[in-house]
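Undergrad: Here it is: the structure, laid out below.
Residue numbers (my numbering), protein chains in the order written: chain V, 240 to 493; chain L, 84 to 342.
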């Protein structure tokens, strides 16, 4: 269970990215965060796993306060959160297998990591996860040989092989074509459900959110302006989130 | 309306004034250094004598030549190995995007220190410290590497993709593991290329530092000149040229193989 309370973040540039953000993710549902660019969606995810330091507020994962952790304790907490990125963020010059196994880096010594001597059960898990994301037989390819959709599948495998308690998914489809976007998003939602873990998914594409979400959080200028079922995304609510400029996105419901 | 083409000078008279100043400075330099035509002419004549006595090059002392050359290659190779081994951590410490600001200052300082003095000055210091011979040369060029290799690699590290580092950090990997998986793969081709380039440079430098006693062919060359053995000196110069060409060819081939 993820509990976020009164989270605040102002960047040194003066951008007030998060304003008193509070919500709870219980159970194993995927929660979709929508909102325009610059609404603070990426900052919110990064404040959860502390890639960005929040200024104030509380983030608890299964009762453990994350905002106070330092060093080894912080790294241990990060192991429990799998992150999937907009630009995939695979290590381009490493093989698919090395990229997936990097999800286990928190569990092996530096020497093992250097020698690529991961425990056999980690390697088995990596093979199994590659099969789950539909990339059986791709383990030897280099990440920069793959297409966008394949890269994001490797990114999903890297996150899942951590055996996380939650998935943090940052705009997973922004660098993909519409068809690939849909299949990648479906894969993330299905695999998270199979593993019984919740996912926090940033997405700016309202129709995609409508297609896959049950619960939606709407962010505008760093503040939550909507938190409820996807059915509640009326034109008025969308106007509150996007500022009225994007009414046709609301009309494009499937 | 008159249009004036864009100029670095805020006032039109400043350009000619600046040029006049530069010209005056050059003339003053030439006068104070007593560069006169007669001296230049005499010097050219003497250069002709030296050249005449250098022909034909004398390869009789091939043993001495080979020993000196081999020592130069050894100095170049060992100092490259040590320099790269030292330069790698220094480069990491001097890359703003992977270490805290305080550490970064230290790394930059180490690089600056390695780059401040010409290798001949460093060589003189090490000859004083450890005595004549190749050890002084190896130490000299190692220090030189830390500056050169460290600086160029640090700059490369600062240009790498942050996203790949962020992704590895997000898995809960330690600082060391982030370096191994997030940073190293991105700069590995550059490390190989720079190492070869560094060896190539050291090969050249190792032929000169012998002049101050730091081992290698330079000492032999200096002795040949001071004993007026211009023919032997020419032989040495020819071999240096060949060695540098071979180094050039090896590094070109190796760099092709890396990319």
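Heads up, the beta-carbon is just placed ideally off N, CA and C, and yes, glycines get one too. None of the values given here were measured: they were computed from a predicted structure.
Along chain V, in chain order, which residues have C-beta atoms closer than 9 angstroms to that of residue 251(L)?
TA: The answer, in chain order, is 328, 330, 341 and 344.
Undergrad: On a Cα-Cα basis, can you pick out the residue from 235(L), 267(L) and 286(L) that is closest to residue 153(L)?
TA: Out of 235(L), 267(L) and 286(L), 286(L) has the C-alpha closest to the C-alpha of residue 153(L).
Undergrad: Classify residue 323(L): buried if its beta carbon has 16 or more other beta carbons within 10 angstroms, exposed otherwise.
TA: Residue 323(L) comes out buried.
Undergrad: If you pair each beta-carbon of the stretch 263-280 of chain L with each one of the stretch 298-317 of chain L, do three or more pairs fall below 8 angstroms?
TA: No contact exists between the stretch 263-280 of chain L and the stretch 298-317 of chain L.
Undergrad: Distance cutoff 8 angstroms, beta carbons only. Does residue 208(V) sit that close to anything in chain L?
TA: The requested residue 208(V) is not part of the displayed model; chain V covers only 240 to 493.
Undergrad: Look at the alpha carbon of residue 305(L) and the alpha carbon of residue 217(L), and state the distance between them as a whole number of angstroms.
TA: Cα to Cα, the separation comes out at about 15 angstroms.
Undergrad: If I follow the unbroken alpha helix (DSSP H) through residue 481(V), where does it start and stop?
TA: Per DSSP, residue 481(V) belongs to the alpha helix (DSSP H) from 474-481.
Undergrad: For my contact list, residue 257(V) and residue 286(V) are in at a C-beta cut-off of 8 angstroms; report their separation, rounded to the angstrom.
TA: Yes, they are in contact, since the Cβ atoms of residue 257(V) and residue 286(V) sit about 7 angstroms apart, within 8 angstroms.
Undergrad: Just to confirm my understanding: we take residue 435(V), look at its own chain, exclude 5 residues before and 5 after, and list those with CB closer than 8 angstroms. What are they?
TA: The residues are 267.
Undergrad: Quick check on residue 350(V): buried or exposed, where buried means 16 or more other Cβ atoms within 10 Å of its Cβ?
TA: So residue 350(V) ends up on the exposed side.
Undergrad: Under three-state DSSP, which class holds residue 292(V)?
TA: In the structure shown, residue 292(V) sits in coil (DSSP, three-state: anything other than H, G, I, E or B).
Undergrad: Which ranges would you report for the alpha helix (DSSP H) in the stretch 230-255 of chain L if only whole runs of at least 4 residues count?
TA: As far as the stretch 230-255 of chain L is concerned, its whole alpha helix (DSSP H) runs of at least 4 residues are 245-253.
Undergrad: Can you list, in chain order, the stretches of the beta strand (DSSP E) that have 3 or more residues and sit fully within the stretch 112-196 of chain L?
TA: The qualifying runs do not exist here; there are none.
Undergrad: Could you check whether residue 367(V) and residue 333(V) sit closer than 8 angstroms to each other, using their CB atoms as the reference points?
TA: Not in contact: residue 333(V) and residue 367(V) (Cβ atoms no closer than 8 angstroms).
Undergrad: Could you tell me which residues DSSP puts in a beta bridge with residue 409(V)?
TA: BP columns for residue 409(V) point to 441(V).
Undergrad: List the endpoints of the continuous alpha helix (DSSP H) containing residue 283(V).
TA: Run containing residue 283(V): 280-287, per the alpha helix (DSSP H) assignment.
Undergrad: When you check each C-beta in the stretch 276-290 of chain V against every C-beta of chain L, which residues fall closer than 8 angstroms?
TA: Residues passing the 8 angstroms Cβ filter: 288 and 290.
Undergrad: What do you reckon, are the CB atoms on residue 288(V) and residue 250(L) nearer than 8 angstroms?
TA: Not a contact, by the Cβ cut-off of 8 angstroms.
Undergrad: Which value, in whole angstroms, describes the spacing of the CA atoms of residue 298(L) and residue 211(L)?
TA: Using only the alpha carbons, I get a separation of about 13 angstroms.
Undergrad: Does residue 207(L) come out as helix, strand or coil in the three-state DSSP assignment?
TA: If DSSP states are grouped into helix, strand and coil, residue 207(L) belongs with the helices.
Undergrad: Is the stretch 358-367 of chain V close to the stretch 419-439 of chain V, with three or more CB pairs under 8 angstroms?
TA: Too few Cβ pairs lie closer than 8 angstroms, so no.
Undergrad: Between the alpha carbons of residue 182(L) and residue 231(L), how many angstroms are there, rounded?
TA: Going from the Cα of residue 182(L) to the Cα of residue 231(L) covers about 20 angstroms.
Undergrad: Measure how close the beta-carbons of residue 494(V) and residue 357(V) come, nearest whole angstrom, since I'm counting them as under 8 angstroms.
TA: One cannot answer for residue 494(V) here, as it falls past the ends of chain V, which runs 240 to 493.
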